[in-house]
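From first to last, the protein sequence lines stand for chains A and B.
For this note's numbering, count along the first sequence from 1 and bump the result up by 204.
For this note's numbering, count along the second sequence from 1 and bump the result up by 31.
Beta carbons: idealized from backbone N, C-alpha and C, even for Gly.
As structure tokens, the structure follows; a few thoughts come after it.
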Amino acid sequence: MSDSLLKVENLCAGIEEKEILKGVSIEVNPGEVHVIMGPNGAGKSTLGNLIMGNPNYKVNSGKVFFEGNDITDEPTDKRAKRGIFMSFQNPLEIAGLTLSDFVRTATEAVGEKKVKFFDFKKELAKEMEVLNMDGEYAKRDLNVGFSGGEKKKAEILQLLMLSPKLAILDETDSGLDIDAVRTVSAGVEEYRKNTNGALIIITHNMNILSSLKVDKVHVLMDGKIVKSGDETLLAAINESGYGIFEKEER
Amino acid sequence: MSDNEKTVVEDIDRTLYDFRYEESEEDFYKVSEGLTKDIVLTLSQEKNDPDWMREFRLKALDIYNNKKMTDWGASIEGLDMDNIVTYVKPKTQMSADWKDVPKDIKDTFEKLGIPQAERDALAGVGAQYDSELVYHNVKDEVAAQGVVYSDIETALRGPYADMIKEHFMKLVPPTDHKFAALHGAVWSGGSFVYVPPGVKVEIPLQSYFRLNAPGAGQFEHTLIIVDKGAYLHFIEGCSAPKYNVANLHAGCVEIFVGEEATVRYSTIENWSKNMYNLNTKRAKVAKNGKIEWVSGSFGSHVSYLYPMSVLDGENARSEFSSVTFAGAGQNLDTGCKVVHNAPNTSSYVNTRSISKADGISTFRSSVVINKNATGSKSATSCESLMLDKESQSDTIPAMDIRTSSADVGHEAKIGRISDEAVFYLQSRGISEEEARAMIVRGFASNVGKELPLEYAIEMNNLISLEMKGSIG
């Protein structure tokens with residue numbers, strides 16, 4: 205085992221009987237930025253969910269390692285404590301639980317220690333400002349009645365508060381207007397600046413990538429990574445679409 | 032991912048909440064027949080009732096003996112009515128010393144975060160010590176404002192005797208149902224509160240200081256009279272386990288809300304699991320007055336609980352927020368009734384029912400809008416959450432609308448905890464058990480956010496305890 209942060213080894217997995225990932229391998233080193241692209245239904249979100257340990261998905265074969273530890277069978281909360289984070293494509297609404305209480309509970313759970321209420325409030329207000337979030341949102345029920353943009357900002361707020369070693373951004377930029385994408389990007393930059401954490405960015409959109417130095421790009425099609433390369437791949441995809449990889453897939 | 036693949040809900044150990052007593056036969060009366068005139072007369076004599084009260088009890092006994100047993104709703108077959116006399120006679124004193132309180136109960140108090148003085152009181156220990164002291168302090172403070180707060184027995188012999196006679200069981204007459212009649216015959220203990228016109232009582236009055244006298248918790252009577260323009264928040268019970276030697280609770284609460292007055296009545300009930308909780312609560316609200324019910328039902332084997340608001344004056348209002356949590360072996364039939372009896376009255380009902388294991392949680396409501404209640408409004412929203420496949424939840428709303436100028440709405444939702452929501456919270460480092468508890472606490476926040484902070488915390492801790500062991 206090398207010094208890699210995350211290592212996914214020949215992962216075959218899916219939902220119930222349906223196999224979605226058909227042997228995916230990927231290795232992310234500390235501080236690296238990886239981008240996963242591919243057409244709808246290729247299995248991009250499935251990969252993110254499996255790294256996070258969503259119990260609705262079933263691993264048929266293959267392994268997931270984090271900092272050299274086999275976490276393939278580990279529950280999601282343990283993975284979060286190890287320093288894995290995922291920004292959800294569709295963040296869930298939890299009535300009766302305020303954003304502030306949630307983030308505080310999460311901060312304490314991940315850090316495995318109590319945080320002082322005053323320090324927490326100060327920190328939260330600071331990060332909300334980075335994200336142009338109205339402080340009132342902290343008192344509102346988690347994601348309930350939030351616009352699409354506010355939900356994504358709340359995800360990035362959690363990213364900033366939890367400072368994970370690896371963050372998976374699952375379509376964080378989809379459905380956002382240009383200003384919101386800019387704000388979210390600023391938040392991601394802040395995360396990189398604060399912790400130099402690694403990123404796996406699942407996206408259709410190049411906008412969120414413009415301010416980041418990308419280390420690796422993976423093209424995922426029909427459950428397999430058909431091409432990996434440096435950021436020059438992005439330009440190729442931008443120009444010609446995924447069609448150019450179909451040949452390689454066969 | 033076998034660790035978190037499947038969740039199985041198990042029976043939770045509710046005995047955690049139950050005081051356990053080693054009982055010996057000599058500890059209590061053994062009378063095989065039902066409730067007799069002699070027993071009621073003895074009780075009346077012991078309590079030194081005024082003549083009218085003795086007559087009242089006997090009349091109620093008559094009604095009780097002639098009333099049919101309740102035969103709708105949750106089964107109360109386990110109630111041994113032939114042995115009713117054992118319910119009336121307290122068979123044993125509550126423990127007199129904190130060190131005699133069983134360890135599991137102490138632990139529960141610890142987990143619920145209940146302060147020491149309160150623990151002593153709840154355990155029946157401090158009834159003569161700390162809690163009396165606290166109670167007297169509260170009493171002095173409110174007495175300075177002209178507020179009367181005492182047990183009914185004392186008040187019956189004091190300057191408010193006529194006021195009690197005028198109001199006692201006028202809102203809930205013994206003819207109402209069999210257990211109201213039983214209550215009328217054998218009531219004992221409880222609270223009397225009178226708030227004079229214009230007085231706003233800033234601190235909530237809390238009844239558990241009164242309820243811990245031995246045997247006082249079974250048929251206690253609460254009579255609250257709040258005069259014109261006054262305000263009162265009354266809190267009944269608390270989230271700690273309440274143990275009663277007998278397994279029937281048939282209390283009665285009557286609240287008279289004066290013109291422009293507001294009364295908030297908060298309850299967290301957590302009876303031990305052998306309890307049949309057949310409680311009757313009713314409020315009458317005068318012009319521009321308001322009653323606010325905040326209610327949490329957790330314990331008991333069977334509950335029938337439907338606080339009723341009679342909106343008797345123009346613009347009278349009623350708000351009702353409740354949470355019911357039925358775990359294994361529990362059948363909690365709860366809800367509310369509202370009668371709109373004057374123009375432009377309004378009612379708002381917001382309830383949450385949670386059921387777990389084979390627990391049954393039924394929401395039952397009745398909204399009546401009489402012909403004269405023109406321009407009245409009523410909105411009901413009830414939501415149910417079933418925590419597993421074995422749990423059961425029912426919603427039985429009834430409406431009787433007799434004017435075309437009323438605005439009436441009803442909304443019902445039944446759901447389960449979504450796996451995705453649990454995964455979401457877990458992805459932030461929160462354990463599966465805590466994630467589920469957080470979702471349930473959030474679901475119950477309609478009541479949580481209405482309670483004073485220390486009670487809200489206790490209720491949340493109680494939910495967490497109920498959720499313990501719900502994951503296999």
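Taking 8 Å as the cut-off, the Cβ atoms of Asn-310 of chain B and His-264 of chain B do not count as close.
For Val-294 of chain B, the three-state secondary structure derived from DSSP is strand.
A straight line joining the alpha-carbon of Met-200 of chain B with that of Ile-255 of chain B spans about 12 Å. A Cβ-Cβ separation of about 7 Å places Gly-320 of chain B in contact with Thr-293 of chain B under the 8 Å criterion.
A distance below 8 Å separates the beta carbons of Ile-406 of chain A and Gly-252 of chain A. Less than 8 Å separates the beta-carbon of Val-203 of chain B from that of Ala-211 of chain B. What Lys-285 of chain A touches in chain B, judged by beta-carbon distance under 7 Å, is Gly-460, going in chain order. Residue contact check for Leu-209 of chain A against chain B: no CB pair falls below 8 Å. Per DSSP, reduced to three states, the secondary structure at Phe-329 of chain B is coil, with no helix or strand assignment. When the five nearest sequence neighbours on each side are left out, the beta carbons in the same chain lying within less than 6 Å of the beta carbon of Phe-269 of chain A are those of Lys-211, in order along the chain. Residue burial is scored here from C-beta neighbours: Asn-278 of chain B has at least 16 other C-beta atoms within 10 angstroms and is therefore classed as buried.
One finds Asn-35, Leu-456, Gln-457, Ser-458, Arg-459, Gly-460, Ile-461, Ser-462, Glu-463, Glu-465 and Ala-466 in chain B with Cβ atoms closer than 9 Å to the Cβ of Asp-281 of chain A, taken in chain order. Taking 4 residues as the minimum length, the alpha helix (DSSP H) runs contained wholly in the region 167-212 of chain B are 183-186 and 192-198, in order along the chain. For the C-beta of Met-256 of chain A, the chain B residues within less than 7 Å are, from N- to C-terminus, Ser-458.
Taking 9 Å as the upper bound on Cβ-Cβ separation, chain A lies near no residue of the region 385-412 of chain B. Residue-level contact check: Ile-405 of chain A does not touch chain B, since none of the beta carbons of chain B fall below 8 Å from its beta carbon. Taking the CA atoms as reference points, Leu-213 of chain B sits about 11 Å from Asn-97 of chain B. Among the CB atoms of chain A, one or more fall inside 8 Å of the CB of Glu-451 of chain B.
Between Ile-230 of chain A and Ser-291 of chain A a beta carbon distance of about 18 Å is seen, past the 8 Å cut, so the two are scored as non-contacting.
Annotation: the continuous alpha helix (DSSP H) that includes Ser-249 of chain A extends over 248-256.
Among the CB atoms of chain B, one or more fall inside 8 Å of the CB of Met-290 of chain A. Beta-bridge analysis with DSSP links Gly-366 of chain B to B:Arg-395.
Looking only at B:Gly-104, B:Ala-388, B:Arg-395 and B:Glu-172, the smallest Cα-Cα distance to Tyr-307 of chain B is reached by B:Gly-104.
Neighbourhood of Leu-363 of chain A in chain B, by CB distance below 9 Å: empty, with the nearest CB roughly 10 Å away.
CA-CA distance, Ile-391 of chain B to Val-369 of chain B, rounds to 24 Å. Counted as a single uninterrupted DSSP element, the stretch harbouring Asp-426 of chain A is not any beta strand (DSSP E), since DSSP gives it neither H nor E. At a cut-off of 8 Å between beta carbons, Ile-219 of chain A makes no contact with chain B. Contact between the region 404-417 of chain B and the region 371-388 of chain B is present: 3 or more CB-CB pairs across the two stretches fall below 8 Å. Residues of the region 433-451 of chain B with a C-beta atom less than 9 Å from some C-beta of chain A are Ser-449, Asp-450 and Glu-451, listed in chain order.
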